[in-house]
Amino acid sequence: MSASVHFRTCNLCEAMCGVRIEVADGRITSIKGDTEDPFSRGHICPKAVALRDLHEDPDRLRHPMKRTASGWERVSWEDAFRDITQRLHAIQKEHGPNAVGAYLGNPNVHNLGAMMFGPGLLRALRSRNRFSATSVDQLPHQLAAHLMFGHQLLVPIPDIDRTRYMLVLGANPLASNGSLMTTPDVRARLRAIQERGGKVVVIDPRRTETAVIADQHVFVRPGTDALALFSLLHVVLEGNAHRMGRLAEFVDGLDTVLPLVRDFPPERTAPHTGIAPEVLRGIARDFLAADGAVCYGRVGVSTQPFGSLCQWLINVLNIVTGNLDREGGALFTLPAFDLIGGPRAFGVSPGSHGRWKSRVRGLPESSGELPVAALAEEILTPGEGRIRALITLAGNPVLSTPNGTQLDTALGQLDFMVSVDPYLNETTRHAHYILPPASLLERGHYDLVFHVLAVRNTAKYSPPVFPAGPDSRQDWEIALELQHRLETLRKGRSVRALLQYQALKRMGPERILDLGLRMGPYGSRFHPLKKHGLSLAKLRAAPHGIDLGPMKPSLPGRLRNRAKRIQLAPELLVADVARLRAAFPDDVAPREGELLLIGRRHLRDNNSWMHNVPGLVKGRPRCTLMVHPDDASRIGLADGANATIRSRVGEVTVPVAVTADVMPGVVSLPHGYGHQRPGIRQQVASAHAGASINDLTDDQALDAVSGNAAFSGTPVQVRPA
1 MSASVHFRTC
11 NLCEAMCGVR
21 IEVADGRITS
31 IKGDTEDPFS
41 RGHICPKAVA
51 LRDLHEDPDR
61 LRHPMKRTAS
71 GWERVSWEDA
81 FRDITQRLHA
91 IQKEHGPNAV
101 GAYLGNPNVH
111 NLGAMMFGPG
121 LLRALRSRNR
131 FSATSVDQLP
141 HQLAAHLMFG
151 HQLLVPIPDI
161 DRTRYMLVLG
171 ANPLASNGSL
181 MTTPDVRARL
191 RAIQERGGKV
201 VVIDPRRTET
211 AVIADQHVFV
221 RPGTDALALF
231 SLLHVVLEGN
241 AHRMGRLAEF
251 VDGLDTVLPL
261 VRDFPPERTA
271 PHTGIAPEVL
281 RGIARDFLAA
291 DGAVCYGRVG
301 VSTQPFGSLC
311 QWLINVLNIV
321 TGNLDREGGA
331 LFTLPAFDLI
341 GGPRAFGVSP
351 GSHGRWKSRV
361 RGLPESSGEL
371 PVAALAEEIL
381 TPGEGRIRAL
391 ITLAGNPVLS
401 TPNGTQLDTA
411 LGQLDFMVSV
421 DPYLNETTRH
431 AHYILPPASL
441 LERGHYDLVF
451 HVLAVRNTAK
461 YSPPVFPAGP
471 DSRQDWEIAL
481 ELQHRLETLR
491 KGRSVRALLQ
501 YQALKRMGPE
511 RILDLGLRMG
521 PYGSRFHPLK
531 KHGLSLAKLR
541 AAPHGIDLGP
551 MKPSLPGRLR
561 NRAKRIQLAP
571 ELLVADVARL
581 RAAFPDDVAP
591 REGELLLIGR
601 RHLRDNNSWM
611 HNVPGLVKGR
621 PRCTLMVHPD
631 DASRIGLADG
641 ANATIRSRVG
651 EVTVPVAVTA
661 DVMPGVVSLP
671 HGYGHQRPGI
681 RQQVASAHAG
691 ASINDLTDDQ
701 ALDAVSGNAA
711 FSGTPVQVRP
721 A
């Protein structure tokens with residue numbers, strides 16, 4: 001019996017937990033936390049064991065598939081590549097480059113090869129119709145970072161291990177493992193704040209798992225977080241005071257912010273937010289008094305009509321209290337492979353906004369992408385520039401983007417569609433070809449993005465656990481092959497293009513990773529003894545990872561704008577304050593009896609394909625509608641009985657969970673469900689179908705500044721089924 005042990009980073013969510021995988025006779029026999037991993041320290045969540053289930057899943061596709069009149073048929077890679085690129089080229093030749101769109105799901109950022117080679121495929125398409133999960137998630141974070149600090153990935157990270165006061169808005173790190181704040185074992189880290197005499201405060205429309213262990217939880221009406229943040233700033237800056245300290249030397253715009261916050265005293269915003277003025281004033285005073293405080297907001301404050309304002313105001317609060325770029329506050333990372341300050345060839349674009357707009361609704365581009373809420377209308381609306389073909393890379397937008405029913409209809413009307421995906425799911429069932437990549441455990445891994453967002457600087461490379469099969473292709477190989485063939489069809493054959501293609505194929509992600517590490521801040525380029533600098537070889541020799549130390553103050557040097565100054569009052573965001581005022585006039589109170597729908601996430605959930613893992617869906621059904629007892633009594637809903645929920649775009653029926661863990665007037669449904677559609681091949685998910693929250697969310701509801709989907713606070717009507 002041959003046995004081996006492999007140390008790896010789990011890449012099913014953002015936490016980067018280290019795992020210890022035991023293999024015997026080609027099969028995994030054990031997955032446990034790696035106690036020697038310097039970052040996760042032995043912690044794992046239930047998702048880690050799903051690495052085995054996903055690798056062995058009988059529903060996972062292992063060969064290219066073509067949809068025919070008689071059903072799905074296996075085809076060769078050569079035939080698939082040739083037909084796909086010829087058809088895409090023909091569509092673009094006849095209708096222009098924008099006739100082919102692309103959608104990237106969030107698994108791409110958990111994939112070293114996709115991160116490095118996906119952009120090349122997008123460039124080869126030459127289309128402005130690019131979409132991704134960014135605009136149903138963190139786009140307001142990235143836009144605020146771009147406008148304030150000069151780079152879309154310069155997102156301030158809470159120094160959770162040293163702070164003494166953590167204010168959390170619209171985030172549930174106990175379920176997410178710390179989204180945009182990569183934090184393994186976040187429960188222990190939050191408790192450590194309390195053990196050192198600090199405080200954790202949560203503002204959220206739901207009493208989340210994080211709120212349960214917090215020192216204080218405050219309900220807030222969905223969509224009003226910007227008002228609450230303005231009121232906190234009103235108290236903090238009363239008398240035009242600020243505590244920026246050394247930050248004042250390189251901050252522009254305080255004079256613009258001061259008159260804005262005067263208009264939002266807590267007494268004025270309370271009727272809309274539902275937060276008593278004395279509660280907000282107490283939070284502001286405690287925040288100021290703490291020796292190291294940080295405000296952190298996540299999905300709940302991004303996915304609403306004022307998401308960009310929220311992320312801007314969170315940064316402003318951390319800055320004017322002197323808690324940006326200080327230990328115990330919010331800091332910027334210095335990752336080994338530096339996507340922000342490293343060599344341009346290895347970096348991510350600093351960002352952009354509004355260089356072009358979508359054809360139908362005129363929604364703005366951000367960092368080369370259009371809001372995905374516009375994807376369906378760009379397919380369905382006739383006229384020049386209509387999307388006629390689509391490539392999806394590791395995504396399921398039918399379940400993950402607003403008005404999924406409309407997108408489902410739109411995908412069925414495409415002339416051609418290809419999906420790089422391991423599953424036949426609600427989205428890929430519309431594809432003409434599905435190209436399945438090798439499994440998670442058949443590829444090497446390094447977290448390019450999440451080291452940028454981690455609460456501590458570390459580095460770790462994970463070699464493949466299993467060799468890829470002879471008929472398997474890695475994500476990067478698929479992307480590179482499509483790129484090369486498309487460019488050849490457009491430009492003709494050339495020796496130079498062929499040599500570039502062959503060179504990239506020889507290099508693969510690992511060679512590029514090695515170069516980036518060597519040229520990064522810990523690499524031989526900067527190390528006085530070059531042979532001791534960080535490299536891929538050094539990471540291979542350290543299977544548990546290397547600790548590079550805590551985050552450190554780095555401003556103004558880390559800023560990426562030319563002036564090396566923080567822009568406290570970007571014009572785009574300041575101008576949007578008028579829209580906030582108009583949306584919440586003083587003389588108009590919230591409508592009596594109105595119900596607002598919010599989402600939620602469970603620790604065992606992440607992407608929709610996790611629902612095909614038996615161990616992650618076992619137990620009591622989680623796709624239930626949380627309803628406050630007062631609302632349940634008024635409507636006539638019984639716990640466990642079915643209710644029908646209706647919005648402007650659709651309706652679903654789900655079981656009810658009556659609970660005081662949501663505030664009156666708010667109902668909550670989890671995301672990622674809705675596996676009842678015909679034609680999918682995910683047996684476990686189909687048996688736990690649930691209902692898709694995105695059959696209710698509205699594609700017309702957006703953050704007007706960024707174009708991010710406004711999921712949180714969808715008006716709905718609920719009745720007994």
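Using the UniProt record's numbering, the letters of the sequence shown correspond one by one to residues 1 to 721. Positions of the beta carbon are idealized from the N, C-alpha and C atoms, including for glycine.
Could you give the DSSP three-state label for residue i: helix, strand or coil?
| i | result |
| --- | --- |
| Ala-226 | helix |
| Leu-529 | At Leu-529 the pLDDT is 49, less than 50, meaning the model places this residue with poor confidence; the figure from the coordinates comes in the next sentence. Three-state result, Leu-529: coil. |
| Pro-119 | helix |
| Tyr-501 | helix |
| Arg-388 | coil |
| His-6 | strand |
| Val-418 | strand |
| Lys-491 | helix |
| Lys-19 | The question names Lys, yet the displayed sequence has Val at residue 19. If DSSP states are grouped into helix, strand and coil, Val-19 belongs with the strands. |
| Phe-466 | coil |
| Val-716 | strand |
| Gly-404 | helix |
| Pro-550 | strand |
| Ala-24 | strand |
Suppose you measure from the CA of residue i to the CA of residue j; what does that come to, to the nearest Å?
| i | j | result |
| --- | --- | --- |
| residue 727 | Ala-657 | With the chain represented from 1 up to 721, any question about residue 727 goes unanswered, as that position is not in the structure. |
| Lys-66 | Thr-409 | 20 Å |
| Leu-625 | Pro-402 | 18 Å |
| Gly-351 | Ser-706 | 12 Å |
| Leu-61 | Tyr-461 | 26 Å |
| Glu-209 | Val-202 | 10 Å |
| Leu-104 | Val-465 | 26 Å |
| residue 724 | Asp-286 | Since the first residue shown for the chain is 1 and the last is 721, residue 724 is missing from the structure and cannot be characterised. |
| Ala-114 | Gly-120 | 10 Å |
| Phe-383 | Ser-30 | Contrary to the premise, residue 383 reads as Gly rather than Phe in this sequence. Cα to Cα, Gly-383 sits roughly 56 Å from Ser-30. |
| Ser-494 | Leu-424 | 37 Å |
| Ser-4 | Glu-442 | 15 Å |
| Gly-96 | Leu-411 | 19 Å |
| Ala-241 | Pro-463 | 53 Å |
| Leu-482 | Phe-81 | 7 Å |
| Met-519 | Gly-342 | 7 Å |
| Ile-693 | Pro-437 | 28 Å |
| Trp-72 | Ile-84 | 16 Å |
| Pro-265 | Val-235 | 7 Å |
| Ala-290 | Ile-283 | 11 Å |
| Ser-302 | Val-75 | 42 Å |
| Gln-413 | Arg-388 | 8 Å |
Please look up how many angstroms separate the CB atoms of residue i and residue j, rounded, as I've assumed it's under 8 Å.
| i | j | result |
| --- | --- | --- |
| residue 722 | Leu-154 | Residue 722 lies beyond the range of the chain shown here (1 to 721); nothing can be said about it. |
| Asp-447 | Asn-11 | 7 Å |
| Thr-405 | Val-662 | Actually they do not touch by this definition, with Cβ atoms about 25 Å apart. |
| Val-360 | Glu-377 | 5 Å |
| Ser-608 | Gly-672 | 4 Å |
| Asn-708 | Leu-139 | 4 Å |
| His-118 | Glu-14 | One point to set straight first is that residue 118 is Gly, not His, in the sequence displayed. At roughly 18 Å, the Cβ-Cβ gap does not stay under 8 Å, so Gly-118 and Glu-14 are not in contact. |
Shorter than 8 Å from the beta carbon of residue i to some beta carbon of chain D?
| i | result |
| --- | --- |
| Gln-152 | Given the protein chain composition of this structure (a single chain), no chain D is represented. |
State whether the region 426 to 442 contacts the region 508 to 515, with contact taken as three or more CB pairs (one from each stretch) at a distance under 8 Å.
no
If you scan the region 52 to 108 from start to end, which runs of the beta strand (DSSP E) of 3 or more residues do you find wholly inside it?
65 to 68, 71 to 74, 100 to 104
May I ask you to verify whether the region 223 to 230 touches the region 189 to 196, counting CB pairs closer than 8 Å and requiring at least 3?
no
Every unbroken beta strand (DSSP E) inside the region 567 to 626 [3 residues or more]
595 to 598
Scan the region 185 to 265 and note each continuous beta strand (DSSP E) run of 3 residues or more that stays entirely inside, going in chain order.
199 to 203, 216 to 218
Please specify which runs of the alpha helix (DSSP H), each continuous and at least 4 residues long, are wholly inside the region 617 to 689, giving them in chain order.
629 to 635, 683 to 687
Closer than 8 Å is the cut-off here; do at least three beta carbon pairs connect the region 565 to 573 with the region 253 to 267?
yes
Could you pull out every unbroken beta strand (DSSP E) segment of at least 3 residues lying fully inside the region 433 to 462, listed in chain order?
433 to 435, 456 to 459
Should the region 126 to 139 be called in touch with the region 405 to 420, which here means at least 3 C-beta pairs below 8 Å?
no
Can you find at least 3 beta carbon pairs, one from the region 463 to 479 and one from the region 131 to 145, that sit closer than 8 Å?
no
Check whether the region 156 to 170 touches the region 293 to 302, taking contact to mean three or more Cβ pairs, one atom from each stretch, closer than 8 Å.
yes
Please give me, in chain order, every unbroken run of the beta strand (DSSP E) with length at least 3 that falls completely inside the region 138 to 183.
165 to 169
Is there contact between the region 321 to 335 and the region 543 to 559, where contact requires at least three CB pairs shorter than 8 Å?
yes
Quick one: complete beta strand (DSSP E) runs, 3+ long, within the region 293 to 377?
293 to 297, 353 to 357, 364 to 366
Under 8 Å: do the region 485 to 500 and the region 576 to 591 share three or more Cβ pairs, one atom per stretch?
no
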